[in-house]
Amino acid sequence: MGLYGQIQNLTQNATEARIESPSMVGYGLSMEGQEGNEIMYDLLLDQAWSQAPLDTQQYFHNWVTSRYSGQKHTPNGLYVAWDLMRQTVYNNTNLTTLAVAKSIVEIEPKLWGLVDIVGTHGTTVNYDPSVLVQAWKSMYQATEAEPRLWSNPAYQHDMIDVTRQVMDNAFILLYSDLIESYNNSRSTQDTFAQQGESLLQILTDMDSILLTNQNFRLSTWIDSARAWANGNKTEMAFLEYNARNQITLWGPNGEISGYASKQWGGLVSSYYVPRWRMFIEYLKSTPTGSYNATEIHGIIREFELRWQDETWSAPEPTADMVNLAKVLTRVARQWPSVFGLE
1 MGLYGQIQNL
11 TQNATEARIE
21 SPSMVGYGLS
31 MEGQEGNEIM
41 YDLLLDQAWS
51 QAPLDTQQYF
61 HNWVTSRYSG
71 QKHTPNGLYV
81 AWDLMRQTVY
91 NNTNLTTLAV
101 AKSIVEIEPK
111 LWGLVDIVGT
121 HGTTVNYDPS
131 VLVQAWKSMY
141 QATEAEPRLW
151 SNPAYQHDMI
161 DVTRQVMDNA
171 FILLYSDLIE
181 SYNNSRSTQD
191 TFAQQGESLL
201 QILTDMDSIL
211 LTNQNFRLST
221 WIDSARAWAN
231 GNKTEMAFLE
241 YNARNQITLW
251 GPNGEISGYA
261 SKQWGGLVSS
271 YYVPRWRMFI
281 EYLKSTPTGS
291 YNATEIHGII
301 REFELRWQDE
311 TWSAPEPTAD
321 MVNLAKVLTR
331 VARQWPSVFG
341 LE
């Protein structure tokens with residue numbers, strides 16, 4: 001679950017393939033349950049009807065106008081934000097990262113092997129994260145010109161998604177600092193503890209952002225699964241188990257753990273935060289030379305197995321909890337360096 005795209009591959013390369021392959025009769029999509037990056041799907045399907053590669057700059061501009069229709073005017077900040085993302089986030093040409101990158105938030109915490117992984121489930125960020133921060137600021141500040149954007153469903157969705165990605169990118173740096181301190185004999189316990197708290201706090205704040213929208217909530221997923229049972233408690237428990245298992249361990253014992261991981265409000269706070277807390281507490285109590293990857297994996301796996309057998313019982317979010325403007329402003333002020341507000 002992340003921002004990602006290959007606009008050149010979808011336009012120029014796709015057109016060249018069609019021209020060079022007279023037997024090619026059309027384009028198709030195989031999304032495998034991906035719900036983000038809608039503009040990429042629109043772009044490919046519209047490219048199918050064009051003889052020449054689409055002008056992506058013009059396409060993104062028109063898409064933004066349509067996306068946020070209903071406003072008296074579309075603030076320029078939205079066009080700026082999406083054009084910045086067009087040139088970076090959605091213009092990956094490094095195909096060692098074949099698809100949407102995984103966030104290290106979602107991967108089982110480890111001392112090594114999380115950052116800059118390549119391949120199908122890579123974690124490499126193939127753009128300058130500071131450019132995405134600029135895009136975030138333009139998108140956020142667009143509400144100054146058009147405050148009604150806060151009640152626009154498309155804007156709410158996109159603002160949450162971009163915010164989540166900005167915080168994801170910041171999490172990588174916080175994690176790297178934590179590991180550096182752990183491996184540095186001159187680092188103090190207080191420094192390490194503070195870094196650990198920052199790591200957990202940014203996840204907690206990310207969770208609060210995600211909870212503002214039902215499309216980013218674990219409860220939406222679980223409620224939908226349980227509804228198929230038509231009130232039968234045994235079936236409800238069975239369906240919830242499978243809903244939980246699919247987005248975490250996927251397999252009774254983690255056969256393809258994390259394959260379908262998500263960043264949802266409720267999932268971050270109840271699953272990812274505890275895993276990272278266990279990892280941090282383990283590092284606090286374990287000298288560098290005594291670190292045992294098998295031991296910490298076992299501790300975390302025990303928790304994961306318990307989690308998939310639980311049932312969701314959290315209350316519905318309050319009005320303040322779903323007020324994106326208030327929650328986002330609070331979080332941004334708490335992390336000025338992350339959001340470029342220093």
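Number 91 in the numbering used here belongs to position 91 of the sequence shown; there are no gaps in the numbering.
All residues carry an ideal CB built from backbone N, CA and C; glycine is no exception.
Source: prediction; values computed, not measured.
Span of the alpha helix (DSSP H), counted from its first residue to its last, around residue i
i, result
"residue 68", "Where residue 68 is concerned, there is no enclosing alpha helix (DSSP H), given that its DSSP letter is neither H nor E."
"residue 138", "129–145"
"residue 191", "189–210"
"residue 284", "273–285"
"residue 307", "293–307"
"residue 164", "153–183"
"residue 244", "233–246"
"residue 224", "218–227"
"residue 18", "14–20"
Nonlocal neighbours in the same chain, by C-beta distance under 7 angstroms from residue i, ignoring five residues either side
i, result
"residue 7", "43, 56, 86, 90, 91"
"residue 269", "204, 207"
"residue 226", "236, 239, 240"
"residue 249", "257, 304, 308"
"residue 243", "221, 222, 225"
"residue 127", "88, 89"
"residue 276", "109, 199, 200, 203"
"residue 334", "205"
Residue i vs residue j beta-carbon contact at 7 angstroms
i, j, result
"residue 52", "residue 27", "no"
"residue 167", "residue 202", "yes"
"residue 41", "residue 64", "no"
"residue 288", "residue 183", "yes"
"residue 95", "residue 120", "no"
"residue 123", "residue 102", "yes"
"residue 266", "residue 219", "yes"
"residue 322", "residue 212", "yes"
"residue 246", "residue 260", "yes"
Neighbourhood of residue i by C-beta distance below 6 angstroms, restricted to the same chain and skipping five residues each side
i, result
"residue 15", "53"
"residue 77", "138, 141, 142"
"residue 342", "336"
Cβ-based burial, residue i [other Cβ within 10 Å; buried from 16]
i, result
"residue 299", "exposed"
"residue 19", "exposed"
"residue 164", "buried"
"residue 112", "exposed"
"residue 25", "exposed"
"residue 263", "buried"
"residue 5", "buried"
"residue 58", "exposed"
"residue 324", "buried"
"residue 45", "exposed"
"residue 328", "buried"
Chain D within 7 angstroms of residue i, Cβ atoms only
i, result
"residue 321", "Of the protein chains in the structure, only one exists, and it is not chain D."
Nonlocal neighbours in the same chain, by C-beta distance under 8 angstroms from residue i, ignoring five residues either side
i, result
"residue 191", "181"
"residue 195", "174, 177, 178, 181"
"residue 132", "3, 84, 85, 88, 89, 162, 165, 166, 169"
"residue 68", "74, 78, 149, 152, 154, 155"
"residue 114", "104, 107, 123, 175"
"residue 293", "110, 111"
task: Could you tell me which uninterrupted beta strand (DSSP E) segments, each at least 3 residues in length, are contained entirely in the segment 42–114, listed from first to last along the chain?
output: none
message: At 3 residues or longer, what runs of the beta strand (DSSP E) sit wholly inside the segment 309–337?
response: none
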